[in-house]
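Accompanying notes for the structure given below.
Number of protein chains: 2
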Amino acid sequence: MHKKGRATKIFVLMIYDVGEERVNKILKIGRKYLNWIQNSVLEGELTPATFESLKHEVRKVIKDDHDSVIFYIWRTEHYTSREIMGLEKGSREIFI
Amino acid sequence: MHKKGRATKIFVLMIYDVGEERVNKILKIGRKYLNWIQNSVLEGELTPATFESLKHEVRKVIKDDHDSVIFYIWRTEHYTSREIMGLEKGSREIFI
């Protein structure tokens with residue numbers, strides 16, 4: 001019922017809080033896979049395998065005792081909405 | 097089928113990117129309603145009415161031409177998971 005042929009992709013939200021010297025690297029990795037939304041936030045649709053690649057790249061860069069990267073993953077965007085107040089700084093083309 | 101008696105609450109993720117002089121105010125408002133997770137990220141379960149109150153308070157503080165606050169809202173957390181890499185800076189008690 002909730003598959004609708006898009007079940008092979010997952011919707012990923014990535015939020016990072018990393019040391020200044022790693023911000024550019026993490027943002028660059030994130031943008032290879034996702035769309036930049038705001039500040040330290042990216043989102044997009046990925047296959048599970050591509051998501052694993054993203055995590056693998058992030059894992060190589062971050063310092064576990066200092067940085068923090070959160071991924072929210074959901075199987076369908078049908079249950080989700082997004083509201084933005086103020087400036088819309090990034091792209092929202094991914095949200096269809 | 098997807099209501100399960102919790103349909104009265106929604107799961108809210110709030111991410112803010114505001115001028116430095118308004119960070120404390122926004123964080124204070126956010127913490128009245130949600131749990132702090134990381135950097136400029138809070139999350140929690142709210143009733144729709146409480147969510148309206150949160151937005152009302154935020155709207156009074158932010159400068160529309162400078163700040164940005166994003167709310168992701170979903171009706172159920174059953175479709176969602178969260179993965180954290182590195183430090184877990186905030187509370188995750190809300191995620192059950």
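Chain order of the listed sequences is A and B. Heads up, the first sequence stops at 96 in my numbering, and the numbers go up one at a time, no gaps. Heads up, the second sequence stops at 192 in my numbering, and the numbers go up one at a time, no gaps. Here a beta-carbon is modelled for each residue, glycine too, at the ideal position from N, C-alpha and C.
Segment contact, 8 Å Cβ cut-off, at least three pairs: the region 153–170 of chain B with the region 102–114 of chain B: yes
Anything in chain A within Cβ reach of B:Thr176, meaning under 9 Å, just list it in chain order. One-based indexing of the second sequence puts residue 176 of chain B at position 80. Per Cβ cutoff of 9 Å: Tyr72, Ile73, Trp74, Arg75, Tyr79 and Thr80.
Cα-Cα separation, A:Asn35 to B:Lys128: By one-based count along the first sequence, residue 35 of chain A stands at place 35. By one-based count along the second sequence, residue 128 of chain B stands at place 32. Roughly 30 Å separates the two Cα atoms.
Label B:Gly115 either buried or exposed according to how many other C-beta atoms from any shown protein chain fall within 10 Å of its C-beta, with 16 as the threshold for buried. Numbered from its first residue, the second sequence carries residue 115 of chain B at position 19. That one is exposed.
Buried or exposed: which applies to B:Thr143, given that a residue is buried once 16 or more other Cβ atoms fall within 10 Å of its Cβ? One-based indexing of the second sequence puts residue 143 of chain B at position 47. With fewer than 16 Cβ atoms within 10 Å of its Cβ, B:Thr143 is classed as exposed.
For A:Ile62, the nearest candidate out of A:Gly30, A:Gly86 and A:Trp74 (CA to CA): For this step, residue 62 of chain A is matched to residue 62 along the first sequence. Of A:Gly30, A:Gly86 and A:Trp74, the residue nearest in Cα terms is A:Gly30.
For A:Ser40, go through chain B and note every residue whose CB falls closer than 7 Å to its CB, in chain order. One-based indexing of the first sequence puts residue 40 of chain A at position 40. Ordered by position in chain B, the residues that pass the 7 Å Cβ test against A:Ser40 are Asn135.
Contact set between A:Ile15 and chain B, taken where Cβ atoms lie within less than 7 Å: Mapped onto the first sequence, residue 15 of chain A falls at position 15. Residues of chain B passing the Cβ test: Ile111, Gln134 and Val137.
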